[in-house]
Structure formats: C-alpha cells, structure tokens
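**Student:** Those protein sequence lines, which keep their order, are chains C and W.
For the first sequence, full-length UniProt numbering begins at 1 and goes up steadily by one.
For the second sequence, full-length UniProt numbering begins at 1 and goes up steadily by one.
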Amino acid sequence: MRVDRLLAPLSGLVVLAALLLGLEWAVEAGLIRRALMPAPSTIALRLWDLLASGDAMAPMMQTLRLVFTGFAIGSAIGIAAGLAMGWWPSVFRLLEPLVELVRPIPKSALVPPLMLFLGIGFAMKVTSVALVVTFPVLVNTLQGVRGVDRVMLDAARTHGWPARHTLLHLVLPAALPLVLAGMRISLGLAMVLAVLSEMLAGEGGLGFLILDMQRSFRVRDMYAWLVILAVLGLALNWLFILAERRALHWQRR
Amino acid sequence: MRFLELDEVTKEYPTRGGPPARVMDRVSLSVQEGEFLAVLGPSGCGKSTLLQMAAGLLPPTSGAVRIAGRPVNAPPPEAVYVFQQYSRSLLPWRSVRDNVAFATEHRLGRRRAREAADEPLKLVGLEGFGDHFPWQLSGGMQQRVAIARALAAEPAMLLMDEPFSAVDALTRLDLQSLVLDIWSRRRLTVMLVTHDVEEAIQLADRIIVLTNRPTTVAEEIAVALPRPRDPIATREHPRFLELRHHLLERLLARHAG
Chain C
1 MRVDRLLAPL SGLVVLAALL LGLEWAVEAG LIRRALMPAP STIALRLWDL LASGDAMAPM
61 MQTLRLVFTG FAIGSAIGIA AGLAMGWWPS VFRLLEPLVE LVRPIPKSAL VPPLMLFLGI
121 GFAMKVTSVA LVVTFPVLVN TLQGVRGVDR VMLDAARTHG WPARHTLLHL VLPAALPLVL
181 AGMRISLGLA MVLAVLSEML AGEGGLGFLI LDMQRSFRVR DMYAWLVILA VLGLALNWLF
241 ILAERRALHW QRR
Chain W
1 MRFLELDEVT KEYPTRGGPP ARVMDRVSLS VQEGEFLAVL GPSGCGKSTL LQMAAGLLPP
61 TSGAVRIAGR PVNAPPPEAV YVFQQYSRSL LPWRSVRDNV AFATEHRLGR RRAREAADEP
121 LKLVGLEGFG DHFPWQLSGG MQQRVAIARA LAAEPAMLLM DEPFSAVDAL TRLDLQSLVL
181 DIWSRRRLTV MLVTHDVEEA IQLADRIIVL TNRPTTVAEE IAVALPRPRD PIATREHPRF
241 LELRHHLLER LLARHAG
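Below is the structure:
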C-alpha cells in the first residue's frame with residue numbers, strides 16, 4: 001500500500017520512458033525511417049545544443065511575448081464585456097447576438113482575413129490570439145456574474161454600497177473562480193493560435209521554426225523545437241494553476 | 001415616536017396567465033423608536049417579504065413604507081438588514097475583519113473601515129478572530145460576524161430576519177442574550193421576524209402575529225415582562241408561560257384548520 005502510494009506519481013513517467021526507449025529501439029532497428037523521426041537521443045542532443053548555445057532564447061521569447069500580450073488583451077476584453085453583460089441587461093441585449101455569432105467560428109479561420117487587414121506582423125498575430133482568448137473568458141465571466149448570490153447583493157444594498165463598488169468588490173471577486181477557469185481554457189487556446197499564426201505569417205517564433213525546419217528537411221531541429229514548445233505549454237499551465245490557487249486561497253481545501 | 005411605519009402594504013407577484021397572486025394584504029404596523037418588535041408567523045407566511053419591504057430591498061405593490069418620517073424607496077441609511085443565511089451574506093473570500101469593514105468601506109475607505117471593525121468585533125465577543133475566514137468559524141460565530149457587520153454601520157435600527165434559526169439551541173440562547181444586550185446598550189430599534197414563539201416573547205416589547213397567505217395582521221400583543229430578561233428566569237415567569245400558551249394555541253389551531 002505504502003509502496004504503491006510512493007510509486008503512483010512515478011507510474012506515468014514510466015510510461016513516458018518506455019515510449020522513448022521503444023522509439024529509440026524502433027529507429028535503431030530500422031522500423032522507423034530516420035528521415036521521418038530521428039532517434040530520441042539525437043533529438044535530445046540537438047535540444048541541448050539549442051539551449052546551451054542560447055539559440056533557443058530569442059524564438060521562445062518571441063512566442064511567449066505573443067502569447068502573453070494576446071492573453072492579457074483577450075482576458076481584459078472578456079472580463080470587461082462579461083461583467084457588463086452580466087450586470088446590465090441592456091448591454092447584454094446589445095452584445096449577445098454579436099457574441100453568439102462570432103463565438104462558434106473557429107478562430108483559426110479568421111487568421112487569413114486578419115492578414116488582409118493587419119498584414120503579417122505582430123498586430124495580426126496578437127489580434128488572433130486575443131480573439132480566441134476573449135470568448136471563453138467572456139462566457140465564464142457572464143456565468144459567474146449571474147451566479148452571484150442574491151443574499152450577498154442584498155447585503156451590499158442594505159449597507160448602501162454604490163453600484164460601482166458592488167461591481168468591483170463583490171461581483172468581480174464572487175465571479176473570480178469561474179473567470180479564472182475560463183482563463184485557464186483560454187491559455188491553451190492562446191498557444192494554439194500563437195503557433196498557428198506564426199506558421200501562416202512566418203517571421204520567427206516557435207511555430208514558424210517548426211514549419212520551417214520541416215520544409216528544409218531538418219527533422220531533428222523540428223522535433224527539438226516541438227519539445228521546447230511542449231515544455232513551454234506545460235510550464236505556462238503550471239504557472240497559471242499556481243497563480244489561480246493563490247488568488248483563490250480562501251476556498252476551502 | 002414612530003420610527004418605522006408600514007401603511008397598508010400589499011405585495012402581489014405576477015403569475016403566468018392568471019391574475020397576480022396576492023401574498024400580502026394591506027398590512028399596517030409601526031415600530032416605536034427604541035422598541036423591540038417581534039413579528040411572529042408560521043413558516044412561509046411572508047415574514048421575510050415584509051421585512052425586505054421595510055428595508056427598502058423589495059418594493060411593495062401598493063402602500064407606503066416610512067422610516068424616520070421619510071418614504072423608503074431604496075435601502076435607508078438608518079436601518080440595516082441582518083440575514084438569516086449568514087453563510088450566504090458574508091463574503092467567503094474576506095477575513096472576518098474585512099467582512100465587518102464591508103459596512104463602512106465605501107464611505108471611510110478600506111483602511112479606516114478595517115480599523116473601525118475592531119470595536120463591533122469586540123462587542124460580539126470576536127476579538128482575536130479578525131484574521132480568520134468565515135469557513136473557519138462555527139455557525140454561531142459567523143452570525144456574530146454578520147451582527148458585528150451590521151453594528152459597524154452604526155444604524156439606528158436593525159431588521160433581523162430569523163437570525164438565530166440556523167444555529168443550535170444553546171447557541172441560539174447565547175445570541176439572543178447578545179442581541180438584547182446590544183439593543184439596550186446602543187438604544188437600538190429592532191424589528192425581528194421569527195417563527196419561534198419563545199424567542200419572540202423572550203426578546204420583544206411587543207409581538208405582531210401574522211396570518212398565512214395572503215398575509216394580514218392577526219393580533220398584536222404587548223409582552224409586558226420585566227427587563228433585563230434572564231434567559232432562564234424569564235422562561236419560568238407566569239406571564240411568559242401564559243403568552244406561550246396563547247401564541248402556540250393560536251399558531252397550532254391555524255395549522256390544524
């Protein structure tokens with residue numbers, strides 16, 4: 001029982017290690033062509049080169065900057081619109097048809113038209129990331145605002161809280177768990193759109209590099225960048241969960 | 001002097017298709033300045049609706065509510081509502097002190113409101129619990145926080161909605177004594193709604209008994225028990241027993257019929 005519990009977190013890693021060893025063996029045995037998939041050990045060496053030489057830094061920062069900026073803008077718009085729509089019925093009536101129309105469009109499909117208007121620079125990429133981030137945050141914020149307990153709102157009223165104070169110090173914190181859940185979904189989507197728009201409008205960044213390496217048959221580099229991207233995504237998600245726990249520290253564990 | 005007045009207050013709710021449902025029919029009552037009034041009625045008789053209209057939280061369909069001579073259209077600064085469900089009226093993400101600061105922070109700013117929270121917390125016996133979160137406290141202590149919050153606003157009047165119905169019997173006696181003590185020390189005016197006959201007699205100067213829906217005033221009784229009221233001795237007083245007999249008979253008879 002105790003051994004089980006100690007080993008439980010490791011069992012997932014065992015599967016990963018087995019997969020890597022299997023791949024290594026399959027490549028060495030000639031079951032997988034090296035042109036499609038080099039041995040994991042050689043990818044690891046290339047990865048080490050990229051990191052040790054510092055060459056990985058600039059593309060990583062470029063993609064991170066895109067994800068962060070788009071995520072911040074999209075979250076801000078989503079929270080503001082969600083709060084306003086949840087609080088004022090007139091704003092809801094005004095914006096709801098627009099939101100319902102744009103929300104179901106896969107935002108990746110909007111990258112080509114955005115390129116027409118904004119070109120292939122940072123502005124287009126940030127816009128596409130912000131766009132995909134906005135909707136899950138907006139919908140969750142709206143739900144959160146509507147779910148605020150009537151009794152709590154009456155408590156603010158009986159103490160004479162002005163509407164603005166109530167919105168900022170009661171409605172927003174009460175909706176925060178749902179807002180953050182929406183932001184966590186959006187963070188993953190932000191990575192997707194960042195990589196995609198970098199691929200479609202290449203100017204550097206991890207998405208651009210992965211596609212570029214594939215096209216120039218530098219498969220080993222392609223996989224190395226892919227690993228960097230995966231680890232980056234993992235780290236971002238992990239950081240967000242830490243921040244979320246901190247913000248919601250008051251919740252009963 | 002009449003502090004709170006309800007004048008022929010009627011409440012109707014729209015129903016689908018049919019005529020509006022009348023839940024309260026021309027209820028008139030008043031609370032004198034400094035008086036402790038209990039409004040007694042069976043569960044679901046619209047006591048909370050009545051209190052919410054008195055608090056300016058719910059508009060009456062017709063009739064007038066006046067507090068300190070002025071008509072009530074929005075929650076007046078003189079009266080604060082104390083909710084039955086403390087677990088829903090306190091903010092779970094705020095510490096006890098910040099929950100009490102809730103009462104004044106929009107006027108004083110957060111820092112001064114937090115300083116002003118110490119005195120009401122002491123008054124309800126919660127000094128030293130300022131940094132706790134509501135979920136770390138028992139139900140009775142959470143309701144003390146809610147009472148401290150109401151007191152922090154320094155209202156002339158408390159409107160109490162079955163404030164002790166969600167705690168155990170011993171805690172209830174404890175909280176009743178606390179409220180009586182604060183009421184007399186601060187010379188507050190209190191209107192308390194309850195379905196608990198003994199609670200009404202123990203606390204109030206006067207009891208108003210309500211009927212089932214549509215709610216009207218069935219009876220008005222002066223309690224006429226000496227003060228200060230000891231939680232044990234008062235309950236053995238002949239007048240207490242007489243009133244309890246009369247009120248229980250009245251409430252039970254109505255249920256049977």
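We put the beta carbon where it would ideally sit given N, CA and C, even for glycine.
Note that the structure is predicted; figures quoted are calculated from it, not measured.
#1: Is Thr141 (chain C) close to chain W? Criterion is C-beta to C-beta, closer than 8 Å.
#2: Counting C-beta neighbours from all protein chains within 10 Å, is the total for Thr63 (chain C) 16 or more, i.e. buried, or is it exposed?
#3: Are the region 63–73 of chain C and the region 182–197 of chain C touching, with three or more C-beta to C-beta distances below 8 Å?
#4: Along the region 153–168 of chain C, what residues have a CB closer than 7 Å to any CB found in chain W?
#5: What is the DSSP secondary structure of Trp225 (chain C), counted as helix, strand or coil?
#6: Find the residues of chain C that neighbour Arg88 (chain W), judging by a C-beta separation of less than 7 Å, and give them in chain order.
#7: Quick check on the burial criterion: 16 or more other C-beta atoms within 10 angstroms. Buried or exposed for Lys122 (chain W)?
#8: Can you check whether the C-beta of Leu192 (chain W) is within less than 8 Å of a C-beta belonging to chain C?
#9: Below 8 Å on C-beta distance, what does residue 259 (chain W) contact in chain C?
#10: Could you check what DSSP says for Gly257 (chain W) in three-state terms: helix, strand or coil?
#11: Can you pull the chain C residues whose beta carbon is under 7 Å from the beta carbon of Pro92 (chain W), in chain order?
#12: From this set, C:Thr134, C:Tyr223, C:Leu236, C:Leu98, which residue's C-alpha is nearest Ser41 (chain C)'s C-alpha?
#13: Compare the Cα-Cα distances from Gly182 (chain C) to each of C:Ser108, C:Ala201, C:Met199, C:Phe135 and report the closest residue.
#14: What does a CB cutoff of less than 7 Å around Gly257 (chain W) pick up in its chain, not counting 5 residues either side in sequence?
#15: In the DSSP assignment, find the alpha helix (DSSP H) that holds Ser41 (chain C) and state where it starts and stops.
#16: Out of C:Gly30, C:Asn140, C:His169, which has the shortest C-alpha to C-alpha gap to Val179 (chain C)?
#17: Leaving aside the five residues before and after Ala74 (chain W) along the sequence, list all residues of the same chain whose C-beta is less than 7 Å from its C-beta, in chain order.
#18: Please state the DSSP three-state secondary structure of Glu5 (chain W).
#19: Answer yes or no: does any C-beta atom of chain C fall closer than 8 Å to that of Phe83 (chain W)?
#20: Name the chain C residues that come within less than 7 Å of Ala153 (chain W), Cβ to Cβ?
#21: The beta strand (DSSP E) that contains Glu127 (chain W), what's its start and end?
#22: Measuring straight from C-alpha to C-alpha, what distance separates Leu226 (chain C) and Leu206 (chain C)?
#23: Would you mind sorting His106 (chain W) into buried or exposed? The rule is 16 or more other CB atoms within 10 Å of its CB.
#24: Inspect the CB distances between the region 192–204 of chain W and the region 46–63 of chain W and report whether three or more fall short of 8 Å.
#25: Which runs of the beta strand (DSSP E) at least 3 residues long sit entirely within the region 131–215 of chain W? Give them in chain order.
#26: By the 8 Å beta-carbon criterion, what residues does the region 170–186 of chain C contribute toward chain W?
#27: Rounded to whole angstroms, how far is the Cβ of Thr189 (chain W) from the Cβ of Val31 (chain W), which I believe are closer than 8 Å?
#28: Please determine, among W:Val82, W:Tyr86, W:Val223, the residue with the shortest C-alpha to C-alpha distance to Ile207 (chain W).
#29: Going straight from the alpha carbon of Asp205 (chain W) to that of Gln136 (chain W), what length do you get?
#30: Taking 6 Å as the limit between beta carbons, can you name the residues of its chain near Arg103 (chain C), skipping five residues before and five after?
#31: Would you say Ala80 (chain C) lies against chain W (beta-carbon separation less than 8 Å)?
#32: Grab the span of the alpha helix (DSSP H) containing Met191 (chain C) for me, first residue to last.
#33: May I have a chain-ordered list of the beta strand (DSSP E) segments no shorter than 3 residues that lie completely inside the region 19–84 of chain W?
#34: Between the Cα of Glu220 (chain W) and those of W:Ala38, W:Glu199, W:Leu203, spot the shortest distance and give me the residue it belongs to.
**Tutor:** According to the data block:
#1: no
#2: buried
#3: yes
#4: Asp154, Ala155, Arg157, Thr158, His159, Gly160, Trp161, Pro162, His165
#5: helix
#6: Asp149, Val151, Met152
#7: exposed
#8: no
#9: The structure shown does not extend to residue 259 (chain W), since chain W is modelled only from 1 through 257, so no value can be given for it.
#10: With a pLDDT of 46 at Gly257 (chain W), under the threshold of 50, the modelled position of that residue is not reliable, and no figure is offered here.
#11: Trp250
#12: C:Tyr223
#13: C:Phe135
#14: Because the pLDDT at Gly257 (chain W) is just 46, under 50, the model does not fix this residue reliably, and the value given afterwards should be weighed accordingly. Cβ within range, chain order: n/a, list empty.
#15: 40–53
#16: C:Asn140
#17: Gly56
#18: strand
#19: yes
#20: His159
#21: No beta strand (DSSP E) contains Glu127 (chain W), which DSSP labels as neither H nor E.
#22: 8 Å
#23: buried
#24: yes
#25: 157–161, 189–194, 206–210
#26: Leu170, Pro173, Ala174, Leu176
#27: 6 Å
#28: W:Val223
#29: 36 Å
#30: Phe135
#31: no
#32: 172–200
#33: 21–32, 36–40, 62–67, 79–82
#34: W:Ala38
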